[in-house]
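Engineer: Counting from 1466, one number per residue, gives the positions in the sequence shown under our numbering. For reference, the structure I am asking about is given below.
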Amino acid sequence: MAEGRFDNPVVASLTGFYDRFRKQELKSRFKDSDNFKGKTVLITGANSGLGFALAVQSAQRGARVIMACRSQIPEAGEKVKQLSRSENVEMRFLDLSKIDSIHQFVNQLQEDKINLDVVMLNAASAASRSRPTDSGQDELFMVNYFSNFILCNLLLSQKIIQPDKQKQSRIIFISSDSHRGSSAIDYNEFGRYFDYGVSKAISNYSYFKLVLNTFATELSRRINKDKVLAQVNCICPGPVNTNIIREVPFPIRMILRGIFSVIFRSPKKAAPPVIYMASSDDFKDKTNQYLHMFIPKRMDEKVYDESEGQKLWEESVKLWKQLDNKAKVFL
Ligand SMILES: NC(=O)c1ccc[n+]([C@@H]2O[C@H](COP(=O)([O-])OP(=O)(O)OC[C@H]3O[C@@H](n4cnc5c(N)ncnc54)[C@H](OP(=O)(O)O)[C@@H]3O)[C@@H](O)[C@H]2O)c1
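Spelled out as structure tokens, the structure:
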């Protein structure tokens, strides 16, 4: 059975807290001059929490920002414009639990001739139990892993991201250090819906971050065979005081709210390492990097296993083709 590192939300929330007090060695390398002038930045789940702060800070640093969201359109975009004092911000509808919505979103980008320089794959579900999607998968599987596989493949196949040595577009997966210690990928459960409750939901959250990092590593390998054509990296923002616990059952949610508001950082303070990874020249000609806040680390060793990466890719392609006659696999 697939198992994440934790099945208790309080313990899961406190993981990585210790790292807040470690030296953030790359922090001083992040410069005011690192910017997105002339660049287009796409952020999923940008209406809330970390994604919202990333939208504000990307716009402040000169990006054309595309907020890909399923709610708070257009209010969240208007707020980002106000806070960043930039008009170069737009919201587009994207529901990552629905394959059709991903196609419509990407087709619209193509029709509008948009080329992306930076993609921040930030959206995630923290569902407190299993929930079936329209295509019959589990929501956590779909939103936290499989939609990212589909979205990246469509963006690359439809040339909205164009791998190029000079340009080096950046694809950044917002992950979590809680991926560490999850079980190996379980292909008996892969894409299959079954009922489960809160413990398995919490365990699946960190497990799907391991799956996501394994996919990012394989994508990086496939795009960057002998030179870096696109930077494909992962980052954990550390503990952030956001809405991610909205579905945790009531009494535990109150405890977590307390922990979150006292010890977790605000989204505004958690966003800079992601902006650094998305904008700094320090990442030129590098790919498959991982930061935990500003701390460079290796991911869980399972993530780097080439045969696992290949198998995950093949199983994902197989499932996508079963579910979607418009599947367009890149590479
Ligand atoms: N908070 C932390 O301590 C922490 C720690 C490590 C990593 N992270 C990661 O940081 C990222 C951002 O999370 P957050 O803490 O900012 O949580 P959040 O405030 O709950 O934001 C999650 C975002 O994902 C969106 N989303 C969920 N399901 C979606 C769907 N089906 N289609 C499109 N968008 C969907 C949400 O949209 P709605 O508002 O419409 O639901 C929301 O915009 C996540 O990847 C999370 O795993 C967070």
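Every residue, glycine too, gets a C-beta built ideally from N, C-alpha and C.
(1) Measure from the alpha carbon of Cys1534 to the alpha carbon of each residue in Phe1471, Arg1557, Gln1522, Ser1523, then state which is nearest.
(2) With a threshold of 7 Å, establish whether the CB of Ser1600 neighbours any heavy atom of ligand 1.
(3) Buried or exposed: which applies to Leu1796, given that a residue is buried once 16 or more other Cβ atoms fall within 10 Å of its Cβ?
(4) Whole-angstrom Cβ separation of Lys1749 and His1568, contact assumed at under 8 Å?
(5) Quick check: does the Cβ of Ala1446 come within less than 7 Å of any heavy atom belonging to ligand 1?
(6) Look up Asn1678 in the DSSP assignment and say whether it is helix, strand or coil.
(7) With the cut-off set at 8 Å, would you say Asn1587 and Leu1519 are in Cβ contact?
(8) From the DSSP output, in three-state form, read off Asp1484 for me.
(9) How many Å lie between Ser1664 and Met1758 at the Cα?
(10) Would you mind working out which of Ser1781, Leu1788, Ile1724 sits nearest Cys1617, comparing C-alpha positions?
(11) Please report how far the alpha carbon of Ala1467 lies from the alpha carbon of Val1530, in whole angstroms.
(12) Take Asp1497 as the anchor and find which of Lys1630, Ser1744, Ile1639 has the nearest alpha-carbon.
(13) Going straight from the alpha carbon of Val1506 to that of Gln1522, what length do you get?
(14) Measure the Cβ-Cβ separation of Asn1698 and Asn1613 and say whether it is below 8 Å.
(15) In angstroms with no decimal places, state the Cα-to-Cα distance between Pro1714 and Ile1667.
(16) Measuring from the CB of Val1521, is there a heavy atom of ligand 1 at a distance below 7 Å?
(17) Around the C-beta of Phe1486, are 16 or more other C-beta atoms found within 10 angstroms, so that it is buried, or is it exposed?
(18) With distances taken between CB atoms, is the gap from Tyr1741 to Asp1484 smaller than 8 Å?
(19) If you draw a straight line from the C-alpha of Met1532 to the C-alpha of Ile1508, how long is it?
(20) Residue range of the alpha helix (DSSP H) that Ala1520 falls in?
(21) Does the contact criterion of 3 or more C-beta pairs under 8 Å hold for the stretch 1647-1660 versus the stretch 1705-1712?
(22) Do the stretch 1544-1554 and the stretch 1575-1593 touch if we need at least three Cβ pairs shorter than 8 Å?
(23) Quick check on the burial criterion: 16 or more other C-beta atoms within 10 angstroms. Buried or exposed for Lys1806?
(24) What did DSSP end up calling Tyr1652 once you bin it into helix, strand or coil?
(25) Do the stretch 1650-1659 and the stretch 1598-1612 meet, that is, are 3 or more Cβ pairs less than 8 Å apart?
(26) Quick one: is the Cβ of Arg1535 within less than 7 Å of any heavy atom of ligand 1?
(27) Assign Ser1744 to one of three DSSP states: helix, strand, or coil.
(28) Would you say Ser1640 and Asn1678 are within 8 Å of each other, going by their C-beta atoms?
(29) Would you list the one or two residues that DSSP bridges to Phe1471?
(30) In terms of residue numbering, what span does the beta strand (DSSP E) encompassing Met1607 cover?
(31) By how many angstroms is the C-alpha of Asp1747 removed from the C-alpha of Met1607?
(32) Return yes when the C-beta of Thr1679 is under 7 Å from any heavy atom of ligand 1, and no when it is not.
(33) Span of the alpha helix (DSSP H) holding Glu1779?
(34) Quick one: does the C-beta of Thr1682 sit closer than 7 Å to a heavy atom of ligand 1?
Structural biologist: For this structure:
(1) Within the sequence shown, residue 1534 is the residue found at index 69, counting from 1. Ranked by how close their Cα comes to the Cα of Cys1534, the residues Phe1471, Arg1557, Gln1522, Ser1523 have Arg1557 in first place.
(2) Taking the sequence shown and counting its residues from 1, one reaches residue 1600 at position 135. Answer for Ser1600: no, Cβ out of range of ligand 1.
(3) Along the sequence shown, one-based indexing puts residue 1796 at 331. With a threshold of 16 other beta carbon atoms within 10 Å, Leu1796 falls short and is exposed.
(4) Mapped onto the sequence shown, residue 1749 falls at position 284. Mapped onto the sequence shown, residue 1568 falls at position 103. The pair is not a contact, with the Cβ atoms about 33 Å apart (cut-off 8 Å).
(5) There is no way to answer for residue 1446, as the model of the chain reaches only from 1466 to 1796.
(6) Residue 1678 sits at position 213 when you count from the first residue of the sequence shown. If DSSP states are grouped into helix, strand and coil, Asn1678 belongs with the helices.
(7) The residue given as residue 1587 occupies position 122 in the sequence shown. The residue given as residue 1519 occupies position 54 in the sequence shown. Yes, the pair counts as a contact, with Cβ atoms nearer than the cut-off.
(8) Here residue 1484 is taken as the residue at index 19 of the sequence shown, counted from 1. It is helical.
(9) If you number the sequence shown from 1, residue 1664 lands on position 199. If you number the sequence shown from 1, residue 1758 lands on position 293. Between Ser1664 and Met1758, the C-alpha separation is close to 27 Å.
(10) As a working note, residue 1617 is residue 152 in the sequence shown. Distances from the CA of Cys1617 to each of Ser1781, Leu1788, Ile1724 were compared; the closest alpha carbon is that of Ser1781.
(11) Along the sequence shown, one-based indexing puts residue 1467 at 2. Along the sequence shown, one-based indexing puts residue 1530 at 65. The straight-line gap from Cα to Cα measures roughly 36 Å.
(12) The sequence position of residue 1497 within the sequence shown is 32, counting from 1. The candidate whose alpha carbon is nearest that of Asp1497 is Ser1744.
(13) The count along the sequence shown starts at 1 and reaches residue 1506 at position 41. The count along the sequence shown starts at 1 and reaches residue 1522 at position 57. If you take the alpha carbons of Val1506 and Gln1522, they lie about 11 Å apart.
(14) To locate residue 1698, count along the sequence shown from 1; it is residue 233. To locate residue 1613, count along the sequence shown from 1; it is residue 148. With respect to Asn1613, Asn1698 sits apart: the two C-beta atoms are not nearer than 8 Å.
(15) Indexing the sequence shown from 1 puts residue 1714 at position 249. Indexing the sequence shown from 1 puts residue 1667 at position 202. Rounded to whole angstroms, Pro1714 to Ile1667 spans 12 Å at the Cα level.
(16) Taking the first residue of the sequence shown as position 1, residue 1521 is located at position 56. Of the heavy atoms belonging to ligand 1, none sits nearer than 7 Å to the Cβ of Val1521.
(17) To locate residue 1486, count along the sequence shown from 1; it is residue 21. Result: exposed.
(18) Here residue 1741 refers to the residue found at position 276 of the sequence shown. Here residue 1484 refers to the residue found at position 19 of the sequence shown. The criterion of a C-beta distance shorter than 8 Å is not satisfied by Tyr1741 and Asp1484.
(19) Working through the sequence shown from its first residue, we reach residue 1532 at position 67. Working through the sequence shown from its first residue, we reach residue 1508 at position 43. Answer to the nearest angstrom: the Cα atoms are 5 Å apart.
(20) Position 55 of the sequence shown, counted from the first residue, corresponds to residue 1520. Start and end: 1514-1525.
(21) Too few Cβ pairs lie closer than 8 Å, so no.
(22) Judged by pairs of C-beta atoms under 8 Å, the stretch 1544-1554 does not touch the stretch 1575-1593, as fewer than three such pairs exist.
(23) With the chain covering only 1466 through 1796, there is no way to say anything about residue 1806.
(24) Here residue 1652 refers to the residue found at position 187 of the sequence shown. Taken through DSSP and simplified to helix, strand or coil, Tyr1652 comes out as coil.
(25) Flag = yes, the stretch 1650-1659 and the stretch 1598-1612 touch.
(26) Numbered from its first residue, the sequence shown carries residue 1535 at position 70. Yes; taking the cut-off as 7 Å, the Cβ of Arg1535 has a heavy atom of ligand 1 nearer than that.
(27) The residue given as residue 1744 occupies position 279 in the sequence shown. Note: Ser1744 maps to helix in three-state DSSP.
(28) Counted from its first residue, the sequence shown places residue 1640 at position 175. Counted from its first residue, the sequence shown places residue 1678 at position 213. Contact annotation: Ser1640 and Asn1678 have beta-carbon atoms nearer than 8 Å.
(29) Indexing the sequence shown from 1 puts residue 1471 at position 6. Beta-bridge pairing links Phe1471 to no other residue.
(30) As a first step, residue 1607 must be located in the sequence shown, where it is residue number 142. For Met1607, there is no enclosing beta strand (DSSP E), as DSSP gives it neither H nor E.
(31) Along the sequence shown, one-based indexing puts residue 1607 at 142. Along the sequence shown, one-based indexing puts residue 1747 at 282. Cα to Cα, the separation comes out at about 33 Å.
(32) Taking the first residue of the sequence shown as position 1, residue 1679 is located at position 214. Closer than 7 Å to some heavy atom of ligand 1: that does not describe the Cβ of Thr1679.
(33) Locating residue 1779 in the sequence shown gives position 314, counting from the first residue. Here the alpha helix (DSSP H) through Glu1779 covers 1771-1788.
(34) The count along the sequence shown starts at 1 and reaches residue 1682 at position 217. Result no, Cβ not under 7 Å from ligand 1.
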